[in-house]
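To start, the structure itself, in structure tokens.
There are 2 protein chains.
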Amino acid sequence: MYTLYHHPADPFSRKVRLVLAEKGLEFTTKTEEPWKYRPEFLAMNPAGEVPVLEEPDGHILCGHHPICEYIDEITSRPLFGAYARDKAEVRRLCDWFDDKFFHEVTYYLAGEKIMKRLTGGVPDSDAIRAGKTNLAGHMNYMEWLLKQRNWLAGEAFSMADFAAAAQFSVLDYLGEVPWDKTENGLPAFEETKNWYARVKSRPSFRPVLADRITGVIAAPHYGDLDF
Amino acid sequence: MYTLYHHPADPFSRKVRLVLAEKGLEFTTKTEEPWKYRPEFLAMNPAGEVPVLEEPDGHILCGHHPICEYIDEITSRPLFGAYARDKAEVRRLCDWFDDKFFHEVTYYLAGEKIMKRLTGGVPDSDAIRAGKTNLAGHMNYMEWLLKQRNWLAGEAFSMADFAAAAQFSVLDYLGEVPWDKTENGLPAFEETKNWYARVKSRPSFRPVLADRITGVIAAPHYGDLDF
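Spelled out as structure tokens, the structure:
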């Protein structure tokens with residue numbers, strides 16, 4: 004049995020939970036509040052960040068990126084792609100969502116609306132506005148990609164889809180993703196909406212849709228497969 | 004022949020140059036100034052960032068992390084480690100230096116002292132002070148690691164050493180690394196100094212030590228193997 008130290012509001016913990024579930028590995032979760040700097044947790048991960056994975060023999064793995072690559076390596080049906088060029092494209096888009104999207108969108112929106120609430124700060128409306136603007140820019144790029152491809156990194160479902168969906172799931176919990184229909188009766192970001200509906204319907208996504216973050220109310224449609 | 008679009012002041016471009024040279028792949032470099040948003044460059048990498056690698060057949064790869072993993076996969080003598088747990092430790096430390104160290108140290112010091120000069124901004128002394136303080140904290144962690152290990156991620160030289168050395172090489176260009184001896188006649192960060200001397204002496208490091216950034220003078224000891 005694996006043990007995952009995580010936080011339900013953390014998109015990177017969500018990504019690891021999705022991968023563990025997708026790969027059929029049994030695991031329990033322990034909620035960690037990294038901003039409390041618990042000494043036993045810092046001894047496991049000197050970076051002081053979730054997620055941390057404890058393997059059945061007690062071996063400790065730190066960091067969402069090394070953990071996801073590790074799980075992919077020790078199991079079958081690779082999520083990072085089968086060939087070196089496919090992998091480069093999957094990893095390019097993982098970095099896009101883990102780094103660029105996170106810093107330009109999730110960090111602003113979830114940072115202001117969740118983390119400030121949990122740690123006792125005051126949300127900054129300029130940061131929230133910047134996050135919303137950047138989200139629309141990223142969704143335009145996703146529309147462009149998804150018009151040419153079945154999934155974000157190509158024809159096959161990959162780690163890039165989990166990386167993106169983990170970020171989206173936190174924003175969607177807050178009701179911050181613009182899924183609304185426009186005047187023509189279609190969603191403004193139709194390809195992205197269809198893509199997220201397909202990711203949401205995977206069995207591995209169910210526990211994430213059941214998440215509730217203490218003190219932060221989920222948007223009404225958050226758990227719906229038809230939204 | 005590979006073509007690398009890079010910038011000499013960018014630590015991530017340096018990391019890719021080190022890996023290409025270490026693996027013996029022939030490449031030419033083209034200097035890109037990403038802050039100019041050249042349309043042909045944006046068409047290659049929609050993130051607008053260096054490094055970008057063009058393969059001999061014209062195939063384009065974007066992003067330091069996917070490029071390094073890719074080069075490691077298509078060549079022999081893996082820099083990411085031979086076994087899954089070794090890889091997880093190498094990748095943990097690559098992320099440490101690529102993300103954490105970069106944002107806490109290099110971004111402040113090189114951002115204020117190089118990028119602001121190249122792009123016409125005014126250096127912020129608070130940011131420079133924060134970078135110096137954070138650098139000492141990181142070097143304490145490196146001392147602790149290197150007392151237990153031959154190289155940063157274990158007994159074998161790995162991508163983690165290149166990730167760290169690429170950041171250090173930019174800071175050392177600026178004379179910002181505290182190599183000085185203390186009252187006891189030994190360097191304050193003796194293990195880290197010995198480690199950097201060993202990395203510097205690799206043939207693959209020579210072109211980086213020959214780098215000169217237009218408009219920014221290199222520290223006198225920058226190219227010395229004995230510093």
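Chains as they are written, first to last, in our numbering: chain U, 4 to 230; chain F, 4 to 230.
Quick reminder that beta carbons are idealized off the backbone N, C-alpha and C, glycines included.
For clarity, every value in this text was computed on a predicted model and none was experimentally measured.
key: Same chain, Cβ closer than 8 Å to F/L174, neighbours up to 5 away in sequence not counted   = Hits under 8 Å: V108, T109, L112, A113, L138, V180.
message = Between U/K116, U/L121, U/T136, which has its C-alpha nearest U/D127's C-alpha?
response = If we check each option's Cα against that of U/D127, U/K116 comes out closest.
ask   = How far does the alpha helix (DSSP H) with U/K119 in it reach, from first residue to last?
value = In the DSSP annotation of this structure, the continuous segment of the alpha helix (DSSP H) that includes U/K119 starts and ends at 119-122.
message = Counting only Cβ pairs nearer than 7 Å, list the residues of chain U close to F/Y144.
response = Contact note: F/Y144 reaches chain U through P49, using a C-beta cutoff of 7 Å and chain order.
query = Sorted by chain position, which residues of the same chain lie with C-beta nearer than 6 Å to F/F104's C-beta, five sequence neighbours on each side aside?
reply = The residues are H141, Q170.
query = If you count every other CB in all the chains shown that lies within 10 Å of the CB of U/P37, and 16 or more means buried, which is it?
reply = Answer is buried; the Cβ neighbour count reaches 16.
inquiry  = Considering only their Cβ atoms, is the gap separating F/L121 from F/G218 smaller than 8 Å?
reply    = The Cβ atoms of F/G218 and F/L121 sit closer than 8 Å to each other.
query = Counting pairs of beta carbons, one from the region 25-42 of chain F and one from the region 213-230 of chain U, are three or more of them closer than 8 Å?
reply = Segment contact: the region 25-42 of chain F against the region 213-230 of chain U, fewer than three CB-CB distances shorter than 8 Å; contact not assigned.
inquiry  = For U/E72 and U/N187, what's the separation of their Cα atoms in angstroms?
reply    = Cα to Cα, U/E72 sits roughly 42 Å from U/N187.
query = From F/D164 to F/A156, what distance separates their C-alpha atoms?
reply = For F/D164 and F/A156, the distance between alpha carbons rounds to 8 Å.
query = Of all Cβ atoms in chain F, is any one closer than 8 Å to the Cβ of U/K90?
reply = Output row for U/K90: interface = yes.
request  = Would you kindly work out how many angstroms separate the C-alpha atoms of U/T78 and F/A221, rounded to a whole number?
outcome  = Between U/T78 and F/A221, the C-alpha separation is close to 48 Å.
query = Does the beta carbon of U/K103 sit closer than 8 Å to a beta carbon anywhere in chain F?
reply = Cβ-Cβ to chain F under 8 Å: yes for U/K103.
task = Verify the CB distance criterion: does F/E76 have a CB-CB separation below 8 Å to chain U?
result = With its beta carbon less than 8 Å from one in chain U, F/E76 belongs to the interface.
ask   = What do you get for U/L45, buried or exposed, if any count of 16 or more other CB atoms within 10 angstroms of its CB means buried?
value = Exposed: under 16 other Cβ atoms inside 10 Å.
query = Whose C-beta lies closer than 6 Å to the C-beta of F/D231 among residues of the same chain, with five residues either side of it excluded?
reply = Residue numbering for chain F in the displayed model covers 4 to 230; residue 231 of chain F lies beyond these limits and cannot be assessed.
key: Whole-number beta carbon distance between F/P69 and F/Y5, since they are thought to touch under 8 Å   = Rounded, the Cβ-Cβ distance is 15 Å, inconsistent with contact.
ask   = Mapping DSSP to helix, strand and coil, what is F/E57?
value = Correct three-state label for F/E57: strand.
key: Under 8 Å from the C-beta of F/E72: neighbouring residues of chain U   = Correct list: K90, A91, R94.
ask   = Which one or two residues does DSSP pair with F/Y5 in a beta bridge?
value = Bridge partners of F/Y5: F/F30.
request  = Excluding the 5 residues preceding and the 5 following F/P210 in the sequence, name in chain order all residues of the same chain whose CB lies nearer than 8 Å to its CB.
outcome  = Answer for F/P210: R20, A24, listed in chain order.
key: Host alpha helix (DSSP H) of U/A64 (start-end)   = In the sequence on display, residue 64 of chain U carries Leu and not Ala. Looking at the DSSP string, U/L64 is not in any alpha helix (DSSP H); the run it does join, the beta strand (DSSP E), is 63-65.
message = By the three-class DSSP mapping on this structure, what secondary structure does U/V219 have?
response = When secondary structure is reduced to three states using DSSP, U/V219 falls in the strand class.
key: Status (buried if at least 16 other CB within 10 Å, exposed otherwise) for U/Y8   = The Cβ neighbour count for U/Y8, taken over all protein chains shown within 10 Å, is at least 16; the residue is labelled buried.
message = I'd like to check one pair, U/L96 with U/A166: are the Cβ atoms closer than 8 Å?
response = The answer is yes: Cβ separation under 8 Å.
message = Just to make sure I have the definition right: I need the residues of chain F whose C-beta is within less than 9 Å of the C-beta of U/L64. Which are they?
response = Against U/L64, the close residues of chain F are R88, A91, E92, R95, in the order they occur along the chain (beta-carbon pairs closer than 9 Å).
task = Determine the chain B residues that contact U/H68 at a beta-carbon separation under 7 Å, and present them in chain order.
result = No chain B is present in this structure, whose protein chains are U and F.
ask   = If we ignore side chains and look at the alpha-carbon of each, how far apart do F/P81 and F/D89 end up?
value = Our two residues, F/P81 and F/D89, have alpha carbons roughly 11 Å apart in a direct line.
ask   = Ends of the alpha helix (DSSP H) at F/F165?
value = Counted as a single uninterrupted DSSP element, the alpha helix (DSSP H) harbouring F/F165 occupies residues 162-176.
ask   = Going by the CB atoms, is the gap between U/A168 and U/Y199 shorter than 8 Å?
value = Going by C-beta atoms, U/Y199 is nearer than 8 Å to U/A168.
query = By Cβ distance, which residues of its chain are closer than 6 Å to U/H67, with the 5 residues on each side in sequence left out?
reply = F15, K18, V19, P54.
Three-state secondary structure assigned by DSSP to F/G157 = Reduced to three states, the DSSP call for F/G157 is strand.
task = Can you tell me which of the three DSSP states U/R42 falls into?
result = Looking at the sequence shown, residue 42 of chain U is not Arg but Pro. Of the three classes helix, strand and coil, the one that applies to U/P42 here is helix, per DSSP.
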